[in-house]
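First to last, the sequence lines map onto chains A and B. Position 172 of the first sequence, counted from 1, bears residue number 172 in UniProt numbering, the numbering being contiguous throughout. Position 157 of the second sequence, counted from 1, bears residue number 157 in UniProt numbering, the numbering being contiguous throughout. Right, one structure below, let's go through it.
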Amino acid sequence: MPNVSELQDITTQVRRDILRMVHKVNSGHPGGSLGCAEFIVSLYNEIMELKEGFDMDGIGEDLFFLSNGHISPVFYSVLARRGYFPVNELETFRLLNSRLQGHPTTHEGLPGVRIASGSLGQGMSVAIGAAQAKKLNKDSHIIYSLHGDGELQEGQNWEAIMYASAKKVDNLISTIDYNGQQIDGSTDDVLPMGDLKAKFEAFGWDVVDIKEGNDIEAILTGMKEAKSRTGKGKPVCVLLYTMMGNGVDFMMHTHAWHGKAPSDEQLADALSQNPETLGDY
Amino acid sequence: MKKYIDQGKNDTRSGYGAGMTELGRTNPNVVALCADLVGSLKIQTFIDENPERFFQVGIAEANMMGIAAGLTIGGKIPFTGTFANFSTGRVYDQIRQSIAYSDKNVKICASHAGLTLGEDGATHQILEDIGLMKMLPGMTVINPCDYNQTKAATIAIAEHHGPVYLRFGRPKVANFTPVDQKFEIGKALMLNEGTDVTIVATGHLVWEALIAAETLENQGISAEVINIHTIKPLDDEAILKSVKKTGCIVTAEEHNYLGGLGESVARVLSTQHPTPQEFVATNDTFGESGTPEQLMEKYGLNNKAIVEAVLSVLKRK
């Protein structure tokens, strides 16, 4: 079981991967990827119970669904660093004939991916279905999912949120990447969503706040708490307060890096803030 | 010509319900979902016998498609149920990304297709669903002709791995397929051999095509009738073999001529064996309220319309 400093080292390397992947093809989404690096690293290296290898059905292990598929760089990097596919394959991100498509897909057979995502708002429904399949299979493992906060503007989420509590899908932990930003600006400017915690609670969910969503200890504590609340008749929502672009000073406190790659100079600056830990691909 | 007996009019949606009942008893991985239309989809017996394998999602079709995709992860075979309009157009992007592009083993089962749901009118009468579904890579599209064939198709698609669109309807129509006939996906059925014209029909227009063939026979015209229950993958071979003999073809479907069976047939013919073709289909229009019979008459989808199309295509040979 990795300790916090080991998770931190993985996170730093994942940040480097994200920046280098996006820079190489001059496209992709670094901001949200960097903001969720600590969380997804913690999920795959500490929080989730995972089998060796990959099979689509995932019986006997926890499963993760990425609904906001545009943060594929962080997802791919964490999967590769966890051993789902060769780390070197990260260099094919967004290239022709790659398994690492711009948005994650099962279509190219990339181990670790169980659903295509990118068109927003669909992942929670999928996660619920997978959670209900686990119940039918008498499999006590947990389904984790991640969603953007802006993504909650898609109405399908609210169908899913209503359904999950009505059907007591209590083996589901859906995390909202609460960074307050979306493509056109802050969520408060684009379409204010009000009190998300109150909304989830009003829909019958148990809500856990992780106020320091880029702090690994806070993530581990918060997710342990979330896990302890599963199996009690309610789905669990984690509001993960994150900083978009975390770990690269000029990418923080702005929505500008949602879908923009750094220049050569910016990459050098960003990498100097995140020294190599596990070795670049 | 070969005589077909109507064993008693029945609705194809009840064929779906009967198929689900059987699957509930024989395949423990089959699960059913429904968006508040259990009565219309005739799946109450499945629910009564397998309550833990039924998911009532309420009036939330997008969520239903996503849940169905998720249920496949863990080995379930989900059958979603709602009207054709809400099974396709309303949830196109959910089907496209979470089911088709994700290669999920979901069976999208759609009742009340076409004009013949009748009095509810155009909001519910989708005539574009075959086109929407056949355009999705990897999607199988099936439109059986009667109660027996719908039941057989429902059972057959559980054994096929991959997404399937199964289309059926509300009204009671002639039931003439042998009760024990095995359903083979993608294999057209030769119903009547003829020499002058080929009629390929899908759905309940197959029965109308048989009536039309009788009428034509009385006029000295020998019509070959083929039941195309699977629109994708299309049985190119059966169609080509027939037109090489007859030299002309009429396609018949309860769907817009844009995007339907007729266009699929035209693609095969134009690339491999150019042949005069006439379309019995709706003419790029929405439907309206009325009884099924009135609508079939007004929109030119009955045996009379097929006979007229045959007479017209014969002149182009």
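For each residue, glycine too, the CB sits at the ideal point set by N, CA and C.
Counting other Cβ atoms within 10 Å of its Cβ, A/GLU49 stays below 16 and is therefore classed as exposed. As computed with DSSP, B/GLU224 is found in a beta bridge with B/THR198.
Contact annotation: B/MET20 and B/ALA32 have beta-carbon atoms nearer than 8 Å. Judged by DSSP in its simplified three-state form, B/ILE5 adopts coil rather than helix or strand. Among the bridge pairs identified by DSSP, A/SER186 is matched with A/GLN181. The beta carbon of A/ILE142 sits no closer than 8 Å to any beta carbon of chain B.
Put simply, of A/GLU225, A/TYR163, A/SER186 the residue whose alpha carbon is nearest the alpha carbon of B/GLU61 is A/TYR163.
Contact between the segment 18-32 of chain A and the segment 63-75 of chain A is present: 3 or more CB-CB pairs across the two stretches fall below 8 Å.
Burial state of A/SER125 is buried, judged by a 10 Å Cβ sphere holding 16 or more other Cβ atoms. B/TYR165: not part of any alpha helix (DSSP H); member of the beta strand (DSSP E) spanning 164-167, first to last residue.
Between A/SER140 and A/ALA127, the gap from beta carbon to beta carbon reaches 8 Å or more.
For the segment 157-179 of chain B, there are no residues whose beta carbon sits under 7 Å from a beta carbon of chain A. Within a 10 Å sphere around the beta-carbon of B/LYS42 sit 16 or more other beta-carbons, which makes this residue buried. The DSSP assignment places 30-35, 37-42 as complete runs of the alpha helix (DSSP H) inside the segment 24-65 of chain A, in order along the chain (cut-off: 4 residues). With respect to the 8 Å criterion, B/ILE199 and B/ALA223 are classified as neighbours on the basis of their beta carbons. For B/ALA69, the C-beta contacts it makes with chain A under 7 Å involve ILE115, VAL126, GLY129, in order along the chain. As the crow flies, the alpha-carbon of B/PRO163 is around 30 Å from that of A/TYR44.
Here the segment 264-278 of chain A makes no contact with the segment 201-214 of chain A; the two share fewer than three CB pairs at distances below 8 Å. If you look at A/ASP206, you'll find it in the beta strand (DSSP E) that goes 206-210. Approximately 5 Å separates the beta-carbon atoms of A/ALA131 and A/ASN171; this is inside 8 Å, confirming the contact.
Spanning the alpha carbons of A/LEU19 and A/HIS103 requires a straight line of approximately 16 Å. A distance below 6 Å between beta-carbons, with the five flanking residues on each side excluded, links B/ALA305 to the following residues of its chain, in chain order: VAL280. Counting C-beta pairs with one atom in each stretch, the segment 161-180 of chain B and the segment 4-13 of chain B have three or more that are closer than 8 Å, which means they touch.
Cβ neighbours of B/GLU49 within its own chain (closer than 8 Å, five residues either side excluded): THR21, GLY24, ARG25. A/ASP188 has a beta carbon lying at 8 Å or more from every beta carbon in chain B.
Of all alpha-carbon atoms in B/ALA113, B/THR72, B/THR123, the one lying nearest the alpha-carbon of B/ILE99 is that of B/THR72.
Taking a 10 Å sphere around the C-beta of B/GLU208, we find 16 or more other C-beta atoms and assign the residue as buried.
Given a length threshold of 3 residues, each whole run of the beta strand (DSSP E) inside the segment 134-182 of chain A is given here in chain order: 143-148, 172-178. Under the Cβ criterion (8 Å, minimum of three pairs), the segment 101-117 of chain A counts as touching the segment 57-67 of chain A. In the assembly as shown, A/ASN97 is an exposed residue. Its beta-carbon has fewer than 16 other beta-carbons within 10 Å. Taking a Cβ-Cβ threshold of 8 Å, none of the residues of chain B is close to A/MET48; the smallest such distance is about 15 Å. Within chain A, not a single residue places a beta-carbon under 7 Å from that of B/LYS298; the smallest gap is close to 37 Å. In the displayed model, B/TYR16 falls within a helix according to three-state DSSP. DSSP places A/TYR76 in the uninterrupted alpha helix (DSSP H) bounded by 72-81. If you draw a straight line from the Cα of A/PRO192 to the Cα of B/VAL30, it comes to about 42 Å. As the crow flies, the alpha-carbon of A/GLU151 is around 7 Å from that of A/ASN68.
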